[in-house]
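Beneath this line is the structure, given in structure tokens, with notes to follow.
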Amino acid sequence: MEATGARRAPHRGGPSGARDEAEELAAAILAGEAPAFDPYTGARPGTGGPPSPGARAGLEAPRYCQICGRRMVVQILPHGWRARCSRHGAVESRWLER
1 MEATGARRAP
11 HRGGPSGARD
21 EAEELAAAIL
31 AGEAPAFDPY
41 TGARPGTGGP
51 PSPGARAGLE
61 APRYCQICGR
71 RMVVQILPHG
81 WRARCSRHGA
91 VESRWLER
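FYI, the numbering for the sequence shown is 1 to 98, going by full-length UniProt numbering.
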């Protein structure tokens, strides 16, 4: 039976490469880097409208990765939230508290 042409993504080269990529989102947010995509709408900055009142007040969890714009898996917790991008890792609201 012949292959259907589906290809797998190339292997990243071990746990260290995967670990760096998995921590990229948290590192970017904690460093205060300007987002390439709006974390609440997924749009490029300046192309969407103003953020919602909840987002401005810091009450909403980000729904989109600010690095790649992909939809994130978000879990709302009693004490905050946890969001995970399939490519760039996770971030938790408690990490952002000051």
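Note that the Cβ used here is the ideal one computed from N, Cα and C, for glycine as well. If you're wondering where the values come from, they're calculated on a predicted model, not measured in any experiment.
Under the three-state DSSP convention, the category E97 falls into | Position 97 of the sequence shown holds residue 97. In the structure shown, E97 adopts coil according to DSSP, grouped into three states.
Closest to A61 by CA distance: which of E24, G49, W95 is it?
-> Within the sequence shown, the letter at position 61 stands for residue 61. Residue W95 is the option with its Cα nearest to A61.
Candidates A57, M72, G49, C65: which alpha carbon is nearest A34's?
-> Position 34 of the sequence shown, counting from 1, holds the residue named residue 34. Comparing Cα-Cα distances from A34 to each of A57, M72, G49, C65, the minimum goes to C65.
In the DSSP assignment, find the unbroken beta strand (DSSP E) run with G54 in it and report its ends.
-> Stepping through the sequence shown from its first residue, residue 54 is reached at position 54. G54 -> not in any beta strand (DSSP E); alpha helix (DSSP H) instead, spanning 53-56.
Do you know how far the Cα of A28 is from the Cα of R87?
-> As a working note, residue 87 is residue 87 in the sequence shown. As a working note, residue 28 is residue 28 in the sequence shown. R87 and A28 have their alpha carbons spaced roughly 13 Å apart.
Distance, Cα to Cα, L59 vs T41?
-> Translated into positions along the sequence shown, residue 59 becomes position 59. Translated into positions along the sequence shown, residue 41 becomes position 41. Roughly 15 Å separates the two Cα atoms.
Thinking just about the alpha-carbon of each residue, which of M72, L77, E97 is nearest to the one in A90?
-> Residue 90 sits at position 90 when you count from the first residue of the sequence shown. Of the candidates M72, L77, E97, the one whose C-alpha sits nearest the C-alpha of A90 is M72.
Based on Cα-Cα distance, which residue from C68, I67, G69, E92 lies nearest to residue 103?
-> Past the edges of the chain, shown from 1 to 98, lies residue 103, and the structure says nothing about it.
What's the gap between the Cα of W81 and the Cα of V74?
-> To locate residue 81, count along the sequence shown from 1; it is residue 81. To locate residue 74, count along the sequence shown from 1; it is residue 74. Rounded to whole angstroms, W81 to V74 spans 7 Å at the Cα level.
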